[in-house]
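Remarks on the structure that follows.
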Ligand code: ZN
């Protein structure tokens, strides 16, 4: 049975058909208008005759199965994508069962099945890029609640003397995402994170903010491992810096888990979407 997975992102939709990492056929579609983007994605899945589809999407999403807006993108600053019925669109167009979750919960599922957290039923996946988002598996199940977790928007101490940058989250200014996302780094230092020299003090500040965020998440969720991906984390030098900061913040009291990069690289999201499809029949 061929399964379909789509990683719906703000810049591209990655569509894939197959059964796992070994036999994946992919197509990357730029995110333009919903009609054009979803139209091209539907044609991809029709061509490959997928029997079930999983969607791993940027948020916020309505994931309450009782809600009339279940599977819709909720209020998003992304032009044209406000309240788009993502799940319903694919379901009506393809006539197959469709499952949806956040891109980060899906990434956590993929790293658990095939990647950097194999066999660990409690783990955290955090992406640090255009935004900051986190997904968690708790006892093997993606964590949901009233909505879905918004780990990028937790509050961390902000010393305005040491760091006068006001933060760039449109909702909270200096939440974790507002202080430590890729755009925050770019606006604070005037260059993209990728171009910031490895010895620049911006990396020490970045690792401090990320460790402050992780300290809260570790104390709350007690993950066995934390997988950190996204554009900012391409600088692998930051991993030991975050570990060092986190150990200091936990003060020998709570146990710091391993913090590792994703093992599935750019396929993490779309493989997670495939698992969402697989879970429909499980
Ligand atoms: Zn925020």
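Residue numbers (the numbering used here): 835 to 1116.
Positions of the beta carbon are idealized from the N, C-alpha and C atoms, including for glycine.
Check	Outcome
May I have a chain-ordered list of the beta strand (DSSP E) segments no shorter than 3 residues that lie completely inside the region 918-944?	932-936
Select from 880, 1090 and 882 the residue whose C-alpha is nearest the C-alpha of residue 1074.	1090
Which residues are close to the ligand ZN, meaning CB closer than 7 Å to any heavy atom, in chain order?	986, 987, 1003, 1005, 1006, 1009, 1011 and 1012
For residue 849, is the classification buried or exposed, using 16 other Cβ atoms within 10 angstroms of its Cβ as the cut-off for buried?	buried
Within its chain, find whatever has a CB closer than 7 Å to the CB of residue 865; leave out the 5 residues flanking it on each side and keep chain order.	843, 844, 845, 846, 847 and 871
Can you tell me the Cα-Cα spacing of residue 1104 and residue 1034, whole angstroms?	33 Å
For residue 943, collect the residues of the same chain with a Cβ closer than 6 Å to its Cβ; drop the 5 residues on either side in sequence, then sort them by chain order.	1106 and 1109
Since residue 895 contacts residue 907 with CB under 8 Å, what's their CB separation in whole angstroms?	6 Å
Per DSSP, what are the beta-bridge partners of residue 1061 in this structure?	959 and 1094
Let me know the secondary structure DSSP gives residue 1015 once reduced to three states.	coil
Any idea what DSSP makes of residue 1052, helix, strand or coil?	helix
Which residue's Cα is closest to the Cα of residue 1092: 1078, 1098 and 1100?	1078
Residues bridged to residue 967 by DSSP?	961
Can you round the beta-carbon distance between residue 1114 and residue 886 to whole angstroms, since I take them to be within the 8 Å contact cut?	5 Å
Within 10 angstroms of its Cβ, does residue 1002 collect 16 or more other Cβ (buried), or is it exposed?	buried
Pick from 888, 1017 and 995: whose alpha carbon is nearest that of residue 965?	1017
Answer yes or no: do residue 938 and residue 1062 have a C-beta to C-beta separation smaller than 8 Å?	no
Can you list, in chain order, the residues of its chain whose CB lies under 6 Å from that of residue 1059, leaving out five sequence neighbours each side?	951, 954, 957, 1091 and 1092
If you measure between the beta carbons of residue 1014 and residue 984, is that distance less than 8 Å?	no
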